[in-house]
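With this note's numbering applied, the sequence shown corresponds to residues 20 to 67, in that order.
The beta-carbon is built from N, C-alpha and C at its ideal position, and this holds for glycine as well.
Below is one structure, written out as structure tokens; comments come after it.
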Amino acid sequence: GQIAPGMLADLVVHSRDLLSIKPQEILQTEAVMTIFDGKVIYERGARN
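Pasting the structure below:
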């Protein structure tokens, strides 16, 4: 897939780059933002 202006996306932004850390460190990361159907549905630190 692609991430580009005008395109809808479902994705999670983690606190660390999952491709540059050891597999056993992945569970120590946190979700910083979740985007579903092109809309931010979770943002760490934001008031709901």
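I'd like to confirm the pairing. Which residues does DSSP put opposite Met52 in its beta bridges? The residue labelled residue 52 in the question sits at position 33 within the sequence shown. Val32 and Glu62, per the DSSP bridge assignment.
Which same chain residues end up closer than 7 Å to Val59 when comparing Cβ atoms and leaving out the 5 residues on each side of it in sequence? What you label residue 59 is simply residue 40 of the sequence shown in a count that begins at 1. So the list reads Met52, once near-sequence residues are dropped.
So, at 6 Å on beta carbons, what are the nonlocal neighbours of Ala50 in its own chain, with the 5 sequence-adjacent residues on each side left out? Residue 50 sits at position 31 when you count from the first residue of the sequence shown. Excluding residues within five positions, the ones whose Cβ falls inside 6 Å are Val31.
With distances taken between CB atoms, is the gap from Ile54 to Ala28 smaller than 8 Å? Counting from 1 along the sequence shown, the entry for residue 54 is found at position 35. Counting from 1 along the sequence shown, the entry for residue 28 is found at position 9. Yes, the pair counts as a contact, with Cβ atoms nearer than the cut-off.
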